[in-house]
Amino acid sequence: MIPTPTDRAWSEARHHIQTAVAHLVTDAYGSQAVTWQPVFPGAASRQQVADPLPGLWTIKYLDALIKSEARRYARRARETGHPWARIGAMLRLPDGADHTTGQAAFVYLADNVFGEQSFTWCCSDRHCGQLIHDYGPGADHPDEAERGHASGCARHAEDLAAWARAENGPDQIDGQGR
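In the numbering used here, each number is its position in the sequence shown, counted from 1, plus 87.
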(Lines of atoms letter the chains of each structure in order from A; the text may use other names.)
(Lines give C-alpha, C1' and ligand atoms only; values in the text may rest on other atoms or scores of the structure.)
Protein backbone atom coordinates (compact mmCIF):
# COMPACT_ATOMS: atom_id res chain seq x y z
CA MET A 88 0.00 0.00 0.00
CA ILE A 89 1.23 3.47 -0.85
CA PRO A 90 0.46 5.99 1.90
CA THR A 91 -1.03 9.37 1.10
CA PRO A 92 0.36 12.41 2.91
CA THR A 93 -2.13 14.53 4.81
CA ASP A 94 -3.46 17.80 3.42
CA ARG A 95 -1.39 19.60 6.05
CA ALA A 96 1.79 17.86 4.89
CA TRP A 97 1.08 18.82 1.26
CA SER A 98 0.39 22.41 2.33
CA GLU A 99 3.65 22.57 4.27
CA ALA A 100 5.57 21.09 1.33
CA ARG A 101 4.04 23.67 -1.02
CA HIS A 102 5.03 26.44 1.43
CA HIS A 103 8.63 25.13 1.56
CA ILE A 104 8.78 25.10 -2.24
CA GLN A 105 7.41 28.65 -2.47
CA THR A 106 9.94 29.80 0.13
CA ALA A 107 12.78 28.07 -1.75
CA VAL A 108 11.69 29.70 -5.03
CA ALA A 109 11.59 33.15 -3.43
CA HIS A 110 15.01 32.58 -1.82
CA LEU A 111 16.64 31.37 -5.06
CA VAL A 112 15.08 34.19 -7.12
CA THR A 113 16.31 36.75 -4.58
CA ASP A 114 19.79 35.23 -4.68
CA ALA A 115 19.96 35.15 -8.50
CA TYR A 116 18.00 38.29 -9.48
CA GLY A 117 18.06 40.45 -6.37
CA SER A 118 15.32 41.54 -3.98
CA GLN A 119 13.54 43.55 -6.70
CA ALA A 120 12.45 40.21 -8.29
CA VAL A 121 10.40 39.28 -5.20
CA THR A 122 7.33 41.03 -3.81
CA TRP A 123 5.23 40.61 -0.70
CA GLN A 124 1.61 39.71 -1.47
CA PRO A 125 -1.40 38.66 0.62
CA VAL A 126 -1.63 34.90 1.16
CA PHE A 127 -5.10 35.15 -0.39
CA PRO A 128 -7.16 38.21 -1.44
CA GLY A 129 -8.02 40.30 1.61
CA ALA A 130 -5.72 38.39 3.97
CA ALA A 131 -3.61 40.25 6.51
CA SER A 132 -0.84 37.64 6.23
CA ARG A 133 1.63 38.19 3.43
CA GLN A 134 4.11 35.92 1.68
CA GLN A 135 7.08 36.44 -0.59
CA VAL A 136 6.22 35.76 -4.22
CA ALA A 137 8.77 35.65 -7.02
CA ASP A 138 8.16 37.55 -10.23
CA PRO A 139 6.73 35.11 -12.80
CA LEU A 140 9.63 34.68 -15.25
CA PRO A 141 12.40 34.36 -12.66
CA GLY A 142 10.03 32.08 -10.75
CA LEU A 143 9.66 29.83 -13.80
CA TRP A 144 13.44 29.68 -14.22
CA THR A 145 13.76 28.65 -10.59
CA ILE A 146 11.02 26.00 -10.83
CA LYS A 147 12.81 24.49 -13.85
CA TYR A 148 16.02 24.35 -11.80
CA LEU A 149 14.22 22.79 -8.80
CA ASP A 150 12.60 20.26 -11.14
CA ALA A 151 16.06 19.12 -12.26
CA LEU A 152 17.16 18.83 -8.62
CA ILE A 153 14.07 16.78 -7.75
CA LYS A 154 14.65 14.48 -10.74
CA SER A 155 18.23 14.00 -9.58
CA GLU A 156 16.97 13.05 -6.11
CA ALA A 157 14.45 10.64 -7.66
CA ARG A 158 17.30 8.95 -9.54
CA ARG A 159 19.33 8.71 -6.33
CA TYR A 160 16.45 7.01 -4.51
CA ALA A 161 15.82 4.71 -7.48
CA ARG A 162 19.51 3.80 -7.53
CA ARG A 163 19.32 2.81 -3.86
CA ALA A 164 16.12 0.85 -4.57
CA ARG A 165 17.78 -1.09 -7.41
CA GLU A 166 20.87 -1.71 -5.26
CA THR A 167 18.72 -3.23 -2.51
CA GLY A 168 16.93 -5.52 -4.96
CA HIS A 169 13.69 -3.70 -5.77
CA PRO A 170 12.49 -4.42 -9.32
CA TRP A 171 11.48 -1.70 -11.75
CA ALA A 172 7.81 -2.71 -11.35
CA ARG A 173 7.89 -1.89 -7.63
CA ILE A 174 9.66 1.42 -8.30
CA GLY A 175 7.01 2.28 -10.89
CA ALA A 176 4.23 1.40 -8.47
CA MET A 177 5.73 3.71 -5.82
CA LEU A 178 5.88 6.48 -8.44
CA ARG A 179 2.24 5.67 -9.26
CA LEU A 180 3.05 5.14 -12.90
CA PRO A 181 0.32 3.21 -14.70
CA ASP A 182 0.61 0.32 -17.11
CA GLY A 183 -0.03 1.45 -20.65
CA ALA A 184 -1.02 -0.16 -23.90
CA ASP A 185 2.62 -0.43 -24.94
CA HIS A 186 4.49 -0.47 -21.61
CA THR A 187 4.45 -1.90 -18.10
CA THR A 188 4.71 0.07 -14.87
CA GLY A 189 8.34 -1.04 -14.60
CA GLN A 190 9.14 0.09 -18.13
CA ALA A 191 7.50 3.47 -17.42
CA ALA A 192 9.68 3.87 -14.30
CA PHE A 193 12.81 2.99 -16.24
CA VAL A 194 12.00 5.48 -19.02
CA TYR A 195 11.28 8.19 -16.43
CA LEU A 196 14.50 7.64 -14.47
CA ALA A 197 17.11 6.38 -16.95
CA ASP A 198 19.71 8.52 -18.65
CA ASN A 199 19.67 8.72 -22.42
CA VAL A 200 23.27 8.61 -23.63
CA PHE A 201 23.88 8.52 -27.36
CA GLY A 202 20.32 7.36 -28.01
CA GLU A 203 20.44 4.44 -25.57
CA GLN A 204 18.72 4.52 -22.20
CA SER A 205 20.54 3.06 -19.23
CA PHE A 206 20.65 3.36 -15.47
CA THR A 207 23.69 2.56 -13.34
CA TRP A 208 23.82 1.16 -9.82
CA CYS A 209 26.13 -1.02 -7.71
CA CYS A 210 25.12 -4.62 -7.10
CA SER A 211 24.83 -5.30 -3.37
CA ASP A 212 25.42 -9.05 -3.67
CA ARG A 213 28.43 -9.94 -1.50
CA HIS A 214 29.99 -11.91 -4.37
CA CYS A 215 29.53 -9.09 -6.88
CA GLY A 216 29.70 -5.42 -5.85
CA GLN A 217 30.10 -4.37 -9.48
CA LEU A 218 28.79 -1.29 -11.26
CA ILE A 219 25.75 -2.47 -13.22
CA HIS A 220 24.55 -0.95 -16.46
CA ASP A 221 20.81 -1.54 -16.34
CA TYR A 222 18.96 -1.42 -19.66
CA GLY A 223 15.50 -1.82 -18.16
CA PRO A 224 12.84 -4.43 -17.72
CA GLY A 225 12.02 -4.76 -21.41
CA ALA A 226 15.10 -6.82 -22.33
CA ASP A 227 14.61 -10.41 -23.49
CA HIS A 228 17.35 -11.91 -21.31
CA PRO A 229 18.86 -10.95 -17.91
CA ASP A 230 22.31 -10.63 -19.53
CA GLU A 231 20.85 -7.97 -21.84
CA ALA A 232 18.95 -6.21 -19.05
CA GLU A 233 21.85 -5.89 -16.59
CA ARG A 234 25.47 -5.85 -17.69
CA GLY A 235 28.41 -5.94 -15.33
CA HIS A 236 27.60 -8.58 -12.69
CA ALA A 237 30.53 -10.67 -11.44
CA SER A 238 30.51 -14.34 -12.41
CA GLY A 239 29.70 -15.44 -8.83
CA CYS A 240 26.80 -13.01 -8.33
CA ALA A 241 23.93 -14.84 -6.63
CA ARG A 242 21.47 -12.06 -7.47
CA HIS A 243 22.16 -12.37 -11.19
CA ALA A 244 22.08 -16.18 -10.95
CA GLU A 245 18.58 -15.91 -9.43
CA ASP A 246 17.50 -13.64 -12.29
CA LEU A 247 18.87 -16.14 -14.82
CA ALA A 248 17.07 -19.04 -13.12
CA ALA A 249 13.77 -17.12 -13.00
CA TRP A 250 14.16 -16.25 -16.69
CA ALA A 251 14.85 -19.91 -17.55
CA ARG A 252 11.77 -21.07 -15.62
CA ALA A 253 9.60 -18.52 -17.40
CA GLU A 254 11.11 -19.26 -20.79
CA ASN A 255 11.31 -23.06 -20.73
CA GLY A 256 9.48 -24.33 -17.70
CA PRO A 257 11.32 -25.62 -14.62
CA ASP A 258 12.11 -29.06 -16.08
CA GLN A 259 13.71 -27.86 -19.33
CA ILE A 260 16.63 -25.73 -18.16
CA ASP A 261 19.82 -26.58 -20.05
CA GLY A 262 23.22 -27.01 -18.46
CA GLN A 263 23.98 -23.30 -18.82
CA GLY A 264 21.10 -22.19 -16.58
CA ARG A 265 19.33 -20.60 -19.54
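For each residue, glycine too, the CB sits at the ideal point set by N, CA and C.
Cβ neighbours of residue 127 within its own chain (closer than 6 Å, five residues either side excluded): none. In the DSSP assignment, residue 219 falls within the beta strand (DSSP E) that extends over 218 to 221. Secondary structure at residue 126: coil, using DSSP grouped into helix, strand and coil. By the C-beta density criterion, residue 242 is buried, having at least 16 other C-beta atoms within 10 angstroms.
Nearest to residue 108 by C-alpha distance, out of 89, 176, 152, is 152. Here residue 195 really is in contact with residue 180; their C-beta atoms are around 7 Å apart, less than 8 Å.
With distances taken between CA atoms, residue 202 lies nearest to 222 out of 208, 222, 213, 159. In the DSSP assignment, residue 199 forms a beta bridge with 204.
Remark: C-beta atoms of residue 172 and residue 224 approach each other more closely than 8 Å.
With contacts defined as CB atoms closer than 8 Å, residue 112 and residue 120 qualify as a contacting pair. Residue pairing from DSSP places residue 135 in a beta bridge opposite 123. Rounded to the nearest whole angstrom, the C-alpha separation of residue 98 and residue 92 is 10 Å. In this structure residue 140 is exposed. Its beta-carbon is surrounded by fewer than 16 other beta-carbon atoms within 10 angstroms. Less than 8 Å divides the Cβ of residue 220 from the Cβ of residue 235.
The distance from the Cβ of residue 211 to that of residue 166 is about 5 Å, consistent with a contact at the 8 Å cut-off. At the C-beta level, residue 192 and residue 205 stay beyond 8 Å of one another. A direct Cα-to-Cα measurement between residue 237 and residue 230 gives close to 12 Å.
When secondary structure is reduced to three states using DSSP, residue 163 falls in the helix class.
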